[in-house]
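Enquirer: Read in order, the letters of the sequence shown are residues 13 to 137 in my numbering.
One structure coming up, written as structure tokens, with questions to follow.
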Amino acid sequence: MKLMSLSRGSPRYLAVILAVASAATASIVMNDTALFIYVPLTVAISRVCGVELACLASLVTIAVNVGSALTPMGNPQNIIIWQHYKAAFHEFIASLTPFMLVALTLLLVYYVLSGWRSSTAQART
């Protein structure tokens, strides 16, 4: 319910908050773990708010993968890359931050401009 108050009742804004939160979480914990956290939450939000599950779950899944690219521990492949190049932790993050921010921004812009509507709005049309 706290998420609903943050979103001011807007399903799109709620989805954006969920995507940003899932991307941030995936940069701290491994991407699979973030999905185990956010997929059940996404299903519950979809049911409570009448948001189309497939669209919301796709958004969260992609956001988790984008966010996991930021840190060595976010994605298993990043650990290998990090160790191979022997980069400092902060150097690794600094190198990937611009790419992650661009990818997340493009994802959210696409999502907002895609004409997505809640399932209750689709049922009325």
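Every residue gets a Cβ at the ideal spot worked out from N, C-alpha and C, and that includes glycine.
Quick check: the segment 91-106 against the segment 53-66, are there 3 or more CB pairs under 8 Å?
Expert: No contact exists between the segment 91-106 and the segment 53-66.
Enquirer: Beta-carbon separation of Gly-79 and Ala-36 under 8 Å?
Expert: In the sequence shown, counting from the first residue as 1, residue 79 sits at position 67. In the sequence shown, counting from the first residue as 1, residue 36 sits at position 24. Yes.
Enquirer: Around the C-beta of Ser-70, are 16 or more other C-beta atoms found within 10 angstroms, so that it is buried, or is it exposed?
Expert: Residue mapping note: residue 70 aligns to position 58 of the sequence shown, counting from 1. So Ser-70 counts as exposed.
Enquirer: If distances are taken between C-alpha atoms only, which option among Leu-68, Thr-83, Val-32 comes closest to Thr-117?
Expert: Here the question's residue 117 lines up with position 105 in the sequence shown. Taking only the C-alpha atoms, the option nearest Thr-117 is Val-32.
Enquirer: Where does Gly-79 sit, in a helix, a strand or coil, going by DSSP?
Expert: In the sequence shown, counting from the first residue as 1, residue 79 sits at position 67. Three-state DSSP puts Gly-79 in a helix.
Enquirer: Apart from the five residues just before and just after Thr-54, which ones in its own chain have a Cβ nearer than 8 Å to its Cβ?
Expert: In the sequence shown, residue 54 corresponds to position 42, counting from 1. Taken in chain order, the residues that qualify are Leu-30, Leu-65, Leu-68, Ala-69, Val-72.
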